[in-house]
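Going by the numbering used here, 14 is the number at position 14 of the first sequence; the sequence numbering is gapless.
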Amino acid sequence: MREHVDADERRRRIVDVIRALGEGEVTTYGDIAEIAGYPKQSRLVGWILATADDDADLPWWRVVNAAGRLVPGHERTQSALLRAEGVRVRNGHVVRAVHGRFRP
DNA sequence: CGAGTGACGGACG
DNA sequence: CCGTCCGCCACTC
């Protein structure tokens, strides 16, 4: 029982951090995990986003990996959404965000 | 219970 | 830039 609660807690905190991302703000999986209080657990963030419902109200397009690489299979959609917020994207990578922790 | 997998990351070659 | 290892969590077989 304890385990399930902890896992749910982690998921909840991470989702909250992602929801807090604003326009033009780009952050990495690793930073989200760290901000949520679970450093080094970037895979957990990726898993949560990958299994999240489409109507989960999560700005997934503002999350990229440490190299700035866009989500495999969603580059078109993601780059369009990011560019609409003023984020510079090139060759499937975020070159420069308006806000956020991501730094090339 | 162990191996494999994944929208990850960092160290190495 | 690519591939390999290892570490991390959750989940499937």
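All C-beta atoms, glycine included, are put in the ideal place defined by N, C-alpha and C.
Relative to ALA66, the option among ARG11, VAL45, ILE14 whose CA is nearest is VAL45.
Short of 6 Å from the beta carbon of PRO59, and not among the five residues preceding or following it, lie these beta carbons of its own chain, in chain order: LEU21. Contact between the segment 24-34 and the segment 94-104 is present, with at least three C-beta pairs closer than 8 Å.
Taking the C-beta atoms as reference points, GLU75 is found nearer than 7 Å to GLY92. Assignment of GLU25 by DSSP, reduced to helix, strand and coil, places it in the strand class.
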